[in-house]
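Beneath this line is the structure, given in structure tokens, with notes to follow.
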Amino acid sequence: MCAGNGEAHRLPGRGEPRQPQRGDRRSGDRDVRSRALPLTPRARTQWLYSPVAECSRRVGGIGGNTSIHSDGVSRRRFLRFAAVAGGSMAAWALLGCTQQRVPHSDASGAGAAASGPEPVATTDAVSGRVSSAPPRAWSVARRWDEQLLAAIRIDTPRPPVHARNLYHLSAAMWDAWAAYDPRATQLFHHERATAANIEMARAETISYAAYRLISDRFARTANAFDIQRRLDNAFAALGYDTQNTGTSGDNPAALGNRIAAAVQAAGLADGSNEQGNYAPGDRFTPMNPPLVTAEPGATMTDPNHWQPLRINGYADQNGSPSEGITTQSNVGPHWAAVTPFALRRTDPTQPYMDPGPPPRLGTATDAEFKRQFVQVIRYSSELDPADTATVDISPGAMSNNPLGTNNGKGRPTNPQTNQTYAPNVVKRADYARVLAEFWADGPASETPPGHWNLIANAVSDSPVAVKRIGGTGPVVNDLEWDVKLYLALNGAVHDAAIVAWGLKGTYDSVRPVSAIRYMCGHGQCSDSTLPAYNASGIPLEQGLIEIITADSSRPGQRHSHLADHVGEIAIRAWRGQPNDPETQVGGVGWMLASMWFPYQRSNFVTPPFAAYTSGHSTFSRSAAEVLAKFTGSPYFSGGLHSTEFPANHFLDFEQGPSATIRLQWATYFDAADEAGISRLYGGIHIAADDFTGRVTGSAVGLGAYAEAQRIFAG
1 MCAGNGEAHR
11 LPGRGEPRQP
21 QRGDRRSGDR
31 DVRSRALPLT
41 PRARTQWLYS
51 PVAECSRRVG
61 GIGGNTSIHS
71 DGVSRRRFLR
81 FAAVAGGSMA
91 AWALLGCTQQ
101 RVPHSDASGA
111 GAAASGPEPV
121 ATTDAVSGRV
131 SSAPPRAWSV
141 ARRWDEQLLA
151 AIRIDTPRPP
161 VHARNLYHLS
171 AAMWDAWAAY
181 DPRATQLFHH
191 ERATAANIEM
201 ARAETISYAA
211 YRLISDRFAR
221 TANAFDIQRR
231 LDNAFAALGY
241 DTQNTGTSGD
251 NPAALGNRIA
261 AAVQAAGLAD
271 GSNEQGNYAP
281 GDRFTPMNPP
291 LVTAEPGATM
301 TDPNHWQPLR
311 INGYADQNGS
321 PSEGITTQSN
331 VGPHWAAVTP
341 FALRRTDPTQ
351 PYMDPGPPPR
361 LGTATDAEFK
371 RQFVQVIRYS
381 SELDPADTAT
391 VDISPGAMSN
401 NPLGTNNGKG
411 RPTNPQTNQT
421 YAPNVVKRAD
431 YARVLAEFWA
441 DGPASETPPG
451 HWNLIANAVS
461 DSPVAVKRIG
471 GTGPVVNDLE
481 WDVKLYLALN
491 GAVHDAAIVA
501 WGLKGTYDSV
511 RPVSAIRYMC
521 GHGQCSDSTL
531 PAYNASGIPL
541 EQGLIEIITA
551 DSSRPGQRHS
561 HLADHVGEIA
571 IRAWRGQPND
581 PETQVGGVGW
591 MLASMWFPYQ
601 RSNFVTPPFA
611 AYTSGHSTFS
621 RSAAEVLAKF
631 TGSPYFSGGL
641 HSTEFPANHF
651 LDFEQGPSAT
661 IRLQWATYFD
671 AADEAGISRL
681 YGGIHIAADD
691 FTGRVTGSAV
701 GLGAYAEAQR
711 IFAG
């Protein structure tokens, strides 16, 4: 049935820092990092100061030509990162900078800075107000969360692995905090402690547990040397001793070391195969041969299953390049076996949640399969900055979707101001391209779970935030707020990874780059009387998907550049990454369909795992549910979050956006829905992957928050 429209050096042993190797692409001054970070690269001058790392650098605004070359970080990318992170500790962590300080007894467990200039003025990532968000005011839990995010940015970007890392850090910090609470339930290490100064003891216990755990988790990674250097600097800046590894006694350091050891031991037996670098072992063999992206078509044994890609000069989601041709290895198909936070099931052989399969070619859902992949082509055709089509992306006109849909019509008023949301009309192509890149793999490649940690941290930094857990009860100090927020949030994204990757492992579904090339390589399925008919072909749609004919390929006609391919399928879509993405655009035009590329870097193309369900959608909705419950409101502070993207200073895949635009969300759910649909504009998911991920993500988030509440209460 056919329906239209629609590489390698020896790894060090555990605990042995990796030393830079001669010629190592990640050693010395070159520290390859991710693409851009989202949230608001505004023009401003900042001072970044570190008496420990001696890295005071003046960073110019967007309009200048000044660059910083700290560990290879470009000025433009740094500014993007600093804007999202509020310009404070997170930006310093990216540069390996710390602020000298000694611990003292304050209620937040933060300590005080010993020296340094006043904190920089920054833009709050949620409210948009210019405010001061000094790292010296952060709790130790926030500091260690930022350290983990900094480590993730320069590690291999494996979302389920880093969701697990975030959860285990959060659980370790929770167990350290809860040791001094008579009621709270601990997760990995069950021990009560007393201290004359509980808040100081908590800060020390948390810091030892976090430092040991992060050090252990990244000890065998490619950038272990740099990560450990930063961790050592941060730990020493807090006044603690990296050589204090003792686990005996009732002092906070020993307790923190015991907690870290307990989490480490549990992690080696949780089904993730950490000791085997998280490989699935013999449990997964691709059903399809690799797709060579530089060649047309897609040879597949079963077009309903995932196909690894063979990419010349492959670069992972952090932009870290490799030489020659790389064949993808599937990340996390065994993740359903990983020990969760709140999920429960009665049959360990089945997924925790099973919404059923995605649509499949050649089955009863053949027409829906084709319709959804045609929709991806249509989204690709909307990425042309020369297109004058516009869209109102104000919360008054867009979003407010029922769960698992894009049917929302916006909100008439902002419930926190009782004012209407002003129109926000932008070029559709700018919106689509910004959306695809903004959410592509998380800011500075924290991966999506880390992206939601940045959003949560920005929520906590809001100058109007009132820290009542659940929106009711007493105002709590920053340390309690952060420890509890991280446990609920990262418990949720960890469980989201288990659900999403469990379904990826179960259904092993195809990605658009394979499905579209495969169907188009077979021809068209719309009319058996026309050339190139095949039941497994792509539906035709005038102006979008057409047969190349002698007439259409004559000089001056729309397919003239495809005259050697008469009888094949042409599509009107994004033409791929230009030679100079800083100054050029790929644009949209007619192309040989069997050579279609999604809106991604040409040396990345598509993530190395199956499509269904979307990790972005599942992570994002689960995180949004937790933030709404934890803060007591689904709305961002003030009922509106606005993130600005300056003209021609944000996109990485090509130049753009053509004009400055602002993404706006009223609620966490609006943001989560945009994360989901962004993957369709990016060409790496279909609607079934997205919508089902949103639905399962909602259940995951609600379950994780309920479990966190139970743990908090004891």
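Counting with the numbering used here, you get residues 1 to 714 for the letters of the sequence shown. C-beta: ideal position from N, C-alpha, C; glycine also. The structure presented is a predicted model; accordingly, all values stated were derived computationally and were not measured.
Put simply, the segment 148–155 does not touch the segment 240–248. Fewer than three CB pairs are less than 8 Å apart.
Residue 523 sits in coil when the DSSP states are folded into three classes, being neither helix nor strand. Per DSSP, the unbroken beta strand (DSSP E) holding residue 427 starts and ends at 425–427. Annotated as proximal: residue 572 and residue 544, with beta-carbon spacing under 7 Å.
With 16 or more neighbouring CB atoms inside 10 Å of its own CB, residue 328 falls in the buried class. Per DSSP, residue 223 lies in no beta strand (DSSP E) segment and is marked neither H nor E. In this structure residue 607 is in contact with residue 684, their Cβ atoms being roughly 6 Å apart against a cut-off of 8 Å. Residue 657 sits away from residue 392, with the two beta carbons spaced by 7 Å or more. DSSP places residue 689 within a helical segment (H, G or I) once states are collapsed to three. Runs of the beta strand (DSSP E) spanning 3 or more residues and lying entirely within the segment 506–581 occur at 545–547, 569–574, in chain order.
For residue 432 and residue 513, the gap between their C-alpha atoms comes out near 18 Å. When DSSP states are grouped into helix, strand and coil, residue 392 belongs to the strand group. Bridge partners of residue 667 according to DSSP: 635. The alpha carbon of residue 505 has as its nearest neighbour, out of 625, 535, 611, 697, the alpha carbon of 611. When the beta-carbon positions are compared, residue 207 and residue 238 come within less than 7 Å of each other.
The beta carbons of residue 495 and residue 691 sit no closer together than 7 Å. Sixteen is the threshold: since fewer than 16 other Cβ atoms of the shown chains lie within 10 Å of the Cβ of residue 579, the residue is exposed. The continuous stretches of beta strand (DSSP E) do not include residue 161, which lies in the alpha helix (DSSP H) extending over residues 159–178. Taking a cut-off of 8 Å for Cβ pairs, the segment 584–594 and the segment 559–571 touch, as three or more such pairs fall below it. Between the alpha carbons of residue 521 and residue 298 lies a gap of roughly 7 Å. Between the segment 400–408 and the segment 544–562, the count of C-beta pairs closer than 8 Å stays below three; the two stretches do not touch. Apart from sequence neighbours up to five positions away, the residues of its chain that approach residue 486 with a beta-carbon distance below 7 Å are 141, 145, 170, 173, ordered along the chain.
For the 7 Å CB-CB criterion, residue 168 and residue 263 form a contact.
Per the C-alpha coordinates, the member of 261, 508, 525, 676 positioned closest to residue 366 is 525. According to the DSSP assignment, residue 644 belongs to the beta strand (DSSP E) that extends over 641–645.
The closest CA to that of residue 209, considering only 315, 257, 586, 228, is found on 257.
Within the segment 430–469, the alpha helix (DSSP H) runs of at least 4 residues that lie entirely inside it are, in chain order, 447–461. Excluding five sequence positions before and after residue 671, the CB atoms of its chain that fall closer than 6 Å to its own CB belong to 665, given in chain order. Beta bridge pairing from DSSP links residue 414 with 419.
The C-beta of residue 539 has 16 or more other C-beta atoms within 10 Å across all chains shown, which makes the residue buried. Its Cα nearest to that of residue 253, the residue 205 stands out among 312, 205, 158, 609.
For residue 267, the enclosing alpha helix (DSSP H) begins and ends at 252–267. Non-local C-beta neighbours of residue 232 in its own chain, meaning closer than 6 Å and more than five positions away in sequence, comprise 242, ordered along the chain. Between residue 663 and residue 643, the C-beta gap is smaller than 7 Å, which places the two residues in contact.
Taking the Cα positions, residue 347 is about 46 Å away from residue 464.
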